[in-house]
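Line order of the protein sequences matches chains Y and X. Here the first sequence is numbered in this note's numbering, starting from 1 and rising by one per residue. Here the second sequence is numbered in this note's numbering, starting from 1001 and rising by one per residue. All C-beta atoms, glycine included, are put in the ideal place defined by N, C-alpha and C. All values reported here derive from a predicted model rather than from experimental measurement. The structure appears right after this line, and notes come after that.
2 protein chains.
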Amino acid sequence: MATKKRTTTKRTNKMVYYFGKTKTEGQNVTKDILGGKGKNLAGMTNIGLPVPPGFTITTEVCASYYDQGQNLPTGLMDSVKKNIRILERELKKTFGDSKNPLLVSVRSGAAVSMPGMMNTILNLGLTDVAVEGLATATGNRRFAYDAYRRLINMYGDVVMGMDHEHFEKEFDLIKKKYKVTDDTDVPEQGLVELVAAYKKAYKKHTRSEFPQDPIEQLKMAVEAVFSSWNTHRAVRYREVEGIRGLLGTAVNVQAMVYGNMGDDSGTGVAFTRNPSTGENKFYGEFLINAQGEDVVAGIRTPQPVIEMRKWNDSIYKQLISIKSVLEGNYCDMQDIEFTIEKGKLFMLQTRNGKRTGAAAVKMACDMVREKLITEKEALLRIPANDLTQLLLPSFTVVSKAKAELLTIGLPASPGASVGKPAFSAEEAVKRTAAGEKVLLVRKETSPEDIDGMHSAAGILTSTGGMTSHAAVVARGWGRCCVAGAGEVHINADARTFTINGRKFNHKDVISLDGSTGEVMRGAVETSQPSLSGDFSRIMRWSDKSRRLDVRTNADTPADAQRAREFGAQGIGLCRTEHMFFEGDRILAMREMILAENVKDRRKALRKLLPYQRRDFVGIFTAMKGLPVTVRLLDPPLHEFVPHDEKSQKQLAKKMGVKVAAIQERVEQLHEANPMLGHRGCRLSVTYPEILEMQVTAIVEAAILCKKKRVKAVAEIMIPLVGTARELKLLRGKVAETIAATKARRKFNGNLNILIGTMLEIPRACLTADEVAEHAEFFSFGTNDLTQMTFGYSRDDINSFLPDYLSQEILPVDPFQSLDTTGVGQLVEAGVAKGRATKPNLKIGICGEHGGDPASIKFCDSVGLNYVSCSPFRVPIARLAAAQAALSR
Amino acid sequence: MATKKRTTTKRTNKMVYYFGKTKTEGQNVTKDILGGKGKNLAGMTNIGLPVPPGFTITTEVCASYYDQGQNLPTGLMDSVKKNIRILERELKKTFGDSKNPLLVSVRSGAAVSMPGMMNTILNLGLTDVAVEGLATATGNRRFAYDAYRRLINMYGDVVMGMDHEHFEKEFDLIKKKYKVTDDTDVPEQGLVELVAAYKKAYKKHTRSEFPQDPIEQLKMAVEAVFSSWNTHRAVRYREVEGIRGLLGTAVNVQAMVYGNMGDDSGTGVAFTRNPSTGENKFYGEFLINAQGEDVVAGIRTPQPVIEMRKWNDSIYKQLISIKSVLEGNYCDMQDIEFTIEKGKLFMLQTRNGKRTGAAAVKMACDMVREKLITEKEALLRIPANDLTQLLLPSFTVVSKAKAELLTIGLPASPGASVGKPAFSAEEAVKRTAAGEKVLLVRKETSPEDIDGMHSAAGILTSTGGMTSHAAVVARGWGRCCVAGAGEVHINADARTFTINGRKFNHKDVISLDGSTGEVMRGAVETSQPSLSGDFSRIMRWSDKSRRLDVRTNADTPADAQRAREFGAQGIGLCRTEHMFFEGDRILAMREMILAENVKDRRKALRKLLPYQRRDFVGIFTAMKGLPVTVRLLDPPLHEFVPHDEKSQKQLAKKMGVKVAAIQERVEQLHEANPMLGHRGCRLSVTYPEILEMQVTAIVEAAILCKKKRVKAVAEIMIPLVGTARELKLLRGKVAETIAATKARRKFNGNLNILIGTMLEIPRACLTADEVAEHAEFFSFGTNDLTQMTFGYSRDDINSFLPDYLSQEILPVDPFQSLDTTGVGQLVEAGVAKGRATKPNLKIGICGEHGGDPASIKFCDSVGLNYVSCSPFRVPIARLAAAQAALSR
């Protein structure tokens, strides 16, 4: 984003820069002055490419225009006329001429590409006289009048603010009269009549004649471009995008060329390399005897560029050579537009081309090999988020284009999945085991659904946001998830759901695109990802450049292993709550929760201990000596107890207690706002025996590993600390338990277990100096920190977030990308205060933001030691960390 | 709280200070050195009062004791012995003497009164020899042996750490032997035998003989006092109370006097003025032939002090004259202890006496009149919270002492109320209308219960904290409320509740003490408050001294009126949500919520408009031109819809829609964490028409008032703002609506309506510089700010708060008293950043903390303009604000 200060730009007196064979004045002028388009036109002209000549009126003129109360500065039009004269001489055409008139296009163009500003005006210079001149010069009167009616329409619309409808109406009358339906079938005479009708409508609505002086047309068009700089839409766009310090927009006036002058004419668009694969082959399409808009409109089917060899091999060769010149000059893949007018090639546009993640990786590596760019440039050029496309399945473009879109939810976890709906976790497990591919369709998910979520090919929820339970868990596994699809109304009992009145059941095949949130009908074809050598190369270069370590959030040996393969340097967040849901564990967990005294609670905890120990042995082993940060139990206990009567009855039977007792305890555990309730370290304060069991399991697992000569590096993280006293108390209990366990196991070695805390409560950040006295590391939990700093519940935010985004109150969902303005202040305070107490305090981040490139950049800038993210985002984080370090 | 730094105290060489007729050395020494008790004993001796002589070993000696590894400093015992000699000479008694032995008491005494340190040892100096001496000197051998057995018991217990049980056992054996049940009935011989048995037990458990050298007894006792300074309990107490910088404890050694030496002896305690009423009359009681502990134990009934005139008028006169001397010296009401030994009066203790709120007010005013103190001193001396006792009914002490306590909940809203349980709001309304006095007993309350809460004499809830809905609303009305009484298990369907297994129904009379949280059985007698002229005087003086304005939180004309009578200078928080629950309004409100489009919503809102307008006219009129800050709708919409099927069906019928439609909308409105959900200004963003209706009502009400020549000063407050953009957008809508309403009503005058916001989201405080750009005032909503800064839900905090307080993780419930360490940082940031943008920005506080003296002190220190609190706390806030200003 260009954010140059206005004061850094020197004002020159030159208002207009010419580009063409005669001279190219703009080659050393910045795009702050010429705008992006003007700079590129000057650039292409300068390196000798065939560009229709023209000139650029600078952004400084736009600034003057506003400085002088929306008046063009003195001398501008003289200068414009002078440049028109040069243009006339160069092209041997004359403005408004009755034989061979000069026609130009007028376009806006600021230093930053900016939708919302003025559209293009084409064919400017046509008048009642010149139109006949064009007819003579081209030998095509229909063509000339078609151009003229287009000019009047565009001019009326864009310069005079007329309603497009007025022209539409006239066109319809003419088509009716000539009994045709397509514009192109209107005969020459019809167009002549249309021009007359357009001029009449123009007069009626603007109270003036359509100007017959080309210079007047041009002057008005220039003013219209300048005015468009300050329309509400444009101002708002700059505000939202944080575009500041621009002078204004430039105006580009360029000679017209026509691709629709016969079979020796044509037009096309192309990429200098394949934007899907990155392959170094010219890639694009063209249409014979057509204008640029025809390619875009899709009425005629264009041919691949390679076919041009048959039509006009010399033009093809010329394009191939232009590809090299452009890439050599811009050092990047170019997206170009060109027109062939009567066998002569003209370049109309060049810009860096958009590309897929795979293509970005391949091109960057290829260009390093070709010595076009350096490794650093290669890294900075790949949008880190696009690496997802290399890691997860996606729908093929062709198949998706044909699919029927049912609704769009939130793109909660990328990937593509196809299957039939299952309406409960149980059902998902059963049907998957029976060989079906199912999608778990739920209002929202809870930890109880873990098994079903893991079985399902994909997850669809009707409520919940980007950081809802379903979303967080799915991202952890790289499982496709569309969340918060509000139009999906689920009737779990009937095992159906409806979308806009249409009903679906467990037999209907559905496709989910987790990268876009799209829910589609039927089976859309997917393509599987494959990792190339270039991917590894980018990762290697990233590792050389980055300052931040990258860890992962993983709760199972399988996730841990995968993350390590993706390059994770440790586990930054090992949640222990999911571990309690499998098989018999949940029963023991529930016994623990339902226990009425410490003794019974301890008894239940003793049953859980061996499970936890085994989990940790598995994870330590998978991580091969890399650090594993284990977070002690965090969620409120009610998440573990059954809420429906059937399950409560089952539990009562299994436990041999009355169902009323279970219901009473469940009722007791109910909270108005569980997110702000009895959870995190608050559980350890009231039930220290849970902490003791977990720490015992960690220590015993570490000892078991040591005995098997497996290196185990454990870090114990106490969640949701809000006051230094909480941490002091619990840290003491953890340390005591470590010592007691070592003694009981007769282990004298050093386990070097660090004890630290999560900073996720605003108060902990504000008092981080005190908290740090009792912590060996900090890890920012920015999910909760964002919830509390904004006062947003991530589970409920969907009720107002769409309005907040569309009304631009928020630039982005703060759960997706860290709010550096507000939440960032608390992160900075946490770091500064923590390190004021302990200068070398290790500090990381383990919220969802740890995998978001913009947030990673912030983490780098405030001096964190590491970020931790879900396994599938580890490569993204490695690249983003490198980019952050390189662009410091 | 004394927090003198250790470094500020100069060490002297003098270790022991004598007080008595011979000399008084401590009169110019601070209590840092002598301790509080030592200082007072020296003080009383110095002004010529009859104090048993003795000496004080300084706190510096205690510090040396610890500096030297718990050894008494060299020379101390020499000095002690020297002082014992002086004492012997002065009293003509000798330590350990076989005829007339000197006996002393040994007491600890730090500069700050500190429970947890050593108890008193009495009768020190008794040995096998001295006990016979005492028998001779007093002519009472039973008395002598009783004193001796007490010494051995106390010494064994306190100095040697013996278990009290060992002595108890021996005493039981003796009582059995002599067939008596009371200690006092054991004959002389029995006590002689008991001493022998005690000495044996002492030897068995301490492996040493009971020391027969009085100096050795004294040395050991001094060491025991010093050791008690660092017991776990004492250290913890200082930590919790924030007592820092003390040197240690002093030791007071004082000659024994006895009130139990016959009918010319006695003992008593008294206040120099009536501590209940403040009346300037000597007030207390005495017992003839008794020791101090007999008065406390309550076995015998003491006589009022006035009766002493009959018994010994000269002693009475002496006491009256001592009263004047003490008050003249200490300039405050004194709480004294005295003993008469054989017709001679001795003063044992004096300290500032505790008093009721009414007494505090009266005494302070009286003493100003008596020129004992200044107005400033008078103000600083009244505990602001105690004013509650002057404003609300309370239980009489006598009646309460007899009442049966059932359980204790949270003292959520002070006052005393008696009535029979009602289990729903509806029932409370009905039965009250029928003339019954009822208490609303609910698990928790919601805005739907407003009517019932208002009808009830008091409110009892089983969940919810000090800032739960019930608590906040009750405090607003001055209605008695006990909240979060967890032992109360309510069965609303059966219309019963149980407390510890005992069942109560709608016929059982219950009494609630909202100042203590006590729930009592039956009707406890109450006394009604009455306001004195002295109360007004204190208020007047307060108003002269304070810098902070005091506003009130009031939602109805009646509350507004009452608050203005209590001195409120405006309404700082007028909540609009309660207004929607009465009669037909709730139906219109529900129609609005259930509306499926803007048109229907507007239609329902049009029905609400006249109600709101009338509300505001009433409130503006009641406030007579004082500012009224109206907060726009804040709570989530689901609070207004019915959640039980019966009410849903009724609503469906009234609205003519299907019950399923209502259920679906209710379901849709459900939120996982409503506190962090779709509420506050977020409602205005998604449903701007609600804001428009409310602002229209405010503006129309203001215009109506103007026309009736009633001054109306409205301020519109936008709640729950988290980003400057929200406020910018909504401020714009408010301003537009004001302008549109004025135009529609053809009103051209200036209404001067300020538009501001609540700072209650951490992010708003962190970005207050940006927020201030769009605000004409700020008001801190510290309830929500505390919730989010700590991550505590005020509705759920009871599940862990008791543990947090008992384990001293939190010094106090942060919803009661503002957490200056954490939340305070955000308040300070909000003020600093807000005023950085607008230096004169008006800033207040309208959370519950606005009525808490400690929080008011903080508000004063950070430069707020006003505090706003519930009507009944306005006088408290006025006084607290004055105290804050005076103690700056």
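In this structure A724 of chain Y is in contact with E770 of chain Y, their Cβ atoms being roughly 4 Å apart against a cut-off of 8 Å. In the DSSP assignment, V368 of chain Y falls within the alpha helix (DSSP H) that extends over 357-369. Burial state of Q1807 of chain X is exposed, judged by a 10 Å Cβ sphere holding fewer than 16 other Cβ atoms.
The C-beta separation of L609 of chain Y from T696 of chain Y comes to about 6 Å, placing the pair in contact by the 8 Å criterion. Along the segment 654-681 of chain Y, the positions whose C-beta sits under 7 Å from a C-beta of chain X are E671, A672, N673, P674, M675, L676, G677, H678, read in chain order. A residue is called buried when at least 16 other Cβ atoms come within 10 angstroms of its Cβ; S1417 of chain X meets this threshold and is buried. By the Cβ neighbour-count rule, Q1883 of chain X is buried, with 16 or more other Cβ atoms within 10 Å of its own. Taking the Cα positions, T206 of chain Y is about 15 Å away from E216 of chain Y. Under the DSSP assignment, G1284 of chain X falls in the beta strand (DSSP E) whose first and last residues are 1283-1288.
At least one C-beta of chain X is nearer than 8 Å to the C-beta of Q807 of chain Y.
Proximity of I761 of chain Y to chain X, defined by a Cβ-Cβ separation below 8 Å, is satisfied. In this chain, F1271 of chain X is not harboured by any alpha helix (DSSP H); it is covered by the beta strand (DSSP E) spanning 1266-1271.
Under the three-pair Cβ rule at 8 Å, the segment 358-372 of chain Y counts as touching the segment 267-279 of chain Y.
Distances from the alpha-carbon of E1170 of chain X to those of X:Y1178, X:R1150, X:Y1258, X:A1201 put X:A1201 closest. The three-state secondary structure of R547 of chain Y, taken from DSSP, is coil.
Contact between F1800 of chain X and T686 of chain Y holds: their C-beta atoms lie close to 5 Å from each other, under 8 Å. Secondary structure remark: continuous alpha helix (DSSP H) runs of at least 4 residues inside the segment 1819-1853 of chain X, in chain order: 1823-1837.
Excluding the 5 residues flanking it on each side, P52 of chain Y has same chain C-beta neighbours closer than 6 Å at Q254, A255, V257, F346, in chain order. Taking a Cβ-Cβ cut-off of 7 Å, L41 of chain Y has no neighbours in chain X, whose nearest Cβ is about 38 Å from it. Under the 8 Å Cβ criterion, the segment 1536-1544 of chain X does not count as touching the segment 1408-1417 of chain X, having fewer than three qualifying pairs. Taking the Cα positions, L246 of chain Y is about 14 Å away from Y65 of chain Y. For F790 of chain Y, the chain X residues whose Cβ falls inside 7 Å of its Cβ are G1722, I1761, R1763, in order along the chain.
In the structure shown, I373 of chain Y falls within a coil segment according to DSSP collapsed to helix, strand and coil. Our two residues, D1819 of chain X and D1784 of chain X, have alpha carbons roughly 13 Å apart in a direct line. In the DSSP assignment, Q70 of chain Y falls outside any beta strand (DSSP E) and carries neither an H nor an E. Taking a C-beta distance under 8 Å as the contact criterion, G20 of chain Y and E90 of chain Y qualify as a contact pair.
In this structure P1762 of chain X is buried. Its beta-carbon is surrounded by 16 or more other beta-carbon atoms within 10 angstroms. When the alpha-carbon of V1225 of chain X is set against those of X:M1655, X:K1177, X:A1147, X:I1057, the nearest one is in X:I1057.
Sequence-distant Cβ neighbours of A1290 of chain X in its own chain, meaning closer than 7 Å and more than five residues away, are G1259, N1260, G1266, T1267, R1300.
Proximity of chain Y to R1207 of chain X at the Cβ level (cut-off 7 Å) is not reached, the minimal Cβ distance being about 33 Å. Contact between K1031 of chain X and A1111 of chain X holds: their C-beta atoms lie close to 5 Å from each other, under 8 Å. Inclusion of S468 of chain Y and R794 of chain Y in the CB contact set at 8 Å is warranted, their separation being smaller than that value. Interface with chain Y (8 Å Cβ-Cβ cutoff): L1766 of chain X is included. When DSSP reads this structure, C574 of chain Y sits in a beta bridge with Y:V630.
Taking 8 Å as the threshold, the shortest C-beta distance from R1731 of chain X to chain Y does not fall below it. When the beta-carbon positions are compared, Y148 of chain Y and V222 of chain Y stay at least 8 Å from each other.
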